[in-house]
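Asker: Residue numbers for the sequence shown follow UniProt numbering, beginning at 1 and rising by one. Glycine included, every Cβ here is placed at the ideal spot set by N, Cα and C. Since the model is a prediction, treat every value here as computed from it, not as a measurement. Pasting in a structure now, in structure tokens, and then I'll have a few things to ask.
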Amino acid sequence: MKKIIAFASILVLTSCAELQQIASQLPQEYGVSNSEINSGLKQALQFGIDKEVTNLAKENGFFSNELVRISLPPELQKVDKTLRDVGLDALADEGLKVLNRAAEDAVSEAIPVFADAVTKITFADARNILLGSDDAATQYLSGRTQQELYTRFNPIISNSLDKVGATQVWKNIIQKYNSLPITSNVNPDLPDYVTNEALDGVFVMIAQEEKDIRNTLSARTTDLLQKVFALQDK
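In structure tokens form, the structure reads like this:
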């Protein structure tokens, strides 16, 4: 991402307090107010949340997306391989699909949590995010929502695993695997694993949308986005 040259040069030469003062002056120099920066960042984040989280919540939102598809945890990868080795490919395929179904079923719960975090972005937050890395806004969201999202996702994921049949599918898979004479027993915590994988997927896709807005002019679909993000192009 391009940065404002003057600001980047000063990074090495000034104290944090001086940097904050300079950063607060930059918007006025380029004809963009602090309020506009704040509103522009919130708009960009909201667009990303609405688009990407909504897409992930659809059927196959995770399963058909190679960037975020949930694969098997390490302790189950040997289960998958063993089942395929003995000709139980269909059972192994179904086990993978239902993990992703559970994530798709739960992920829309993130939208209100993110919306609350976005409303709390301050003027100082907005300036720092705007002049930050390609995923600075996503990192901001992650730092302020990760724990709450886990707390809200986990029971939903657990219920979803039951609802989409994952619990029974994996019970059958693990029973079949554990009954094979060549194996040792496994018993993974699937709700915890799928919850963490689902959270990772949400932030991956929001970061993708943020990067697009920062680096692709056509992705800035409103006058406000064009005006605000032009600052970080300079």
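What residues in its chain sit with their C-beta under 6 Å from that of R105, if we drop five residues either side in the sequence?
Answerer: It should be pointed out that residue 105 corresponds to Asp in this sequence rather than to Arg. Same-chain partners within the cutoff: S160.
Asker: Is there a C-beta anywhere in chain B that falls below 8 Å from the one on E36?
Answerer: Judged by its chain identifiers, the structure shown contains no chain B, having just a single protein chain.
Asker: Restricting to Cα atoms, I'd like to know which of T221, R214, R220 is closest to Q232.
Answerer: Taking Q232 as reference, the option from T221, R214, R220 with the minimal CA-CA separation is R214.
Asker: Would you call the CB atoms of residue 235 and V79 closer than 8 Å?
Answerer: Within the shown structure, residues of the chain are numbered from 1 to 234, placing residue 235 beyond reach of any answer.
Asker: Beta-carbon separation of A166 and L99 under 8 Å?
Answerer: Yes, they are a contact pair.
Asker: Pick helix, strand or coil for S142, following the three-state DSSP scheme.
Answerer: helix
Asker: Starting from the C-beta of L72, find all residues in its chain whose C-beta is less than 6 Å away, skip the five residues before and the five after it, and write them out in chain order.
Answerer: Hits under 6 Å: D80.
Asker: I'd like to know whether the C-beta atoms of N38 and A126 end up nearer to each other than 8 Å.
Answerer: yes
Asker: Between which two residues does the alpha helix (DSSP H) containing V194 stretch?
Answerer: 190–215
Asker: Are there 16 or more other CB atoms within 10 angstroms of the CB of G31, so buried, or fewer, so exposed?
Answerer: exposed
Asker: Helix or strand or just coil, what does DSSP make of D134?
Answerer: coil
Asker: In whole angstroms, give me the CA-to-CA distance for A44 and E148.
Answerer: 22 Å
Asker: For P112, report the span of its alpha helix (DSSP H) as first-last.
Answerer: Here the alpha helix (DSSP H) through P112 covers 110–119.
Asker: Starting from the Cα of F203, find the closest Cα among K97, K120, G143 and give me that residue.
Answerer: G143
Asker: According to DSSP, simplified to helix, strand and coil, what is G61?
Answerer: coil
Asker: In terms of alpha-carbon separation, which member of Q46, F153, F229 lies closest to K120?
Answerer: Q46
Asker: Residues in its own chain within less than 6 Å of E197 by CB, not counting five upstream and five downstream?
Answerer: For E197, where only same-chain residues beyond five positions count, the Cβ hits under 6 Å are I70.
Asker: For the alpha helix (DSSP H) containing R101, name the first residue and the last one.
Answerer: 89–106
Asker: Buried or exposed for S218, going by 16 or more other Cβ atoms inside 10 Å?
Answerer: exposed
Asker: Which residue's Cα is closest to the Cα of Q175: L76, S64, L41, G48?
Answerer: It is L76 whose Cα lies nearest to the Cα of Q175.
Asker: Check whether the Cβ atoms of I49 and F153 sit closer than 8 Å, and answer yes or no.
Answerer: no
Asker: Is DSSP giving T167 helix, strand or coil here?
Answerer: helix
Asker: Quick one: what's got a C-beta closer than 7 Å to K211's C-beta in the same chain, skipping five residues either side?
Answerer: D134, D135
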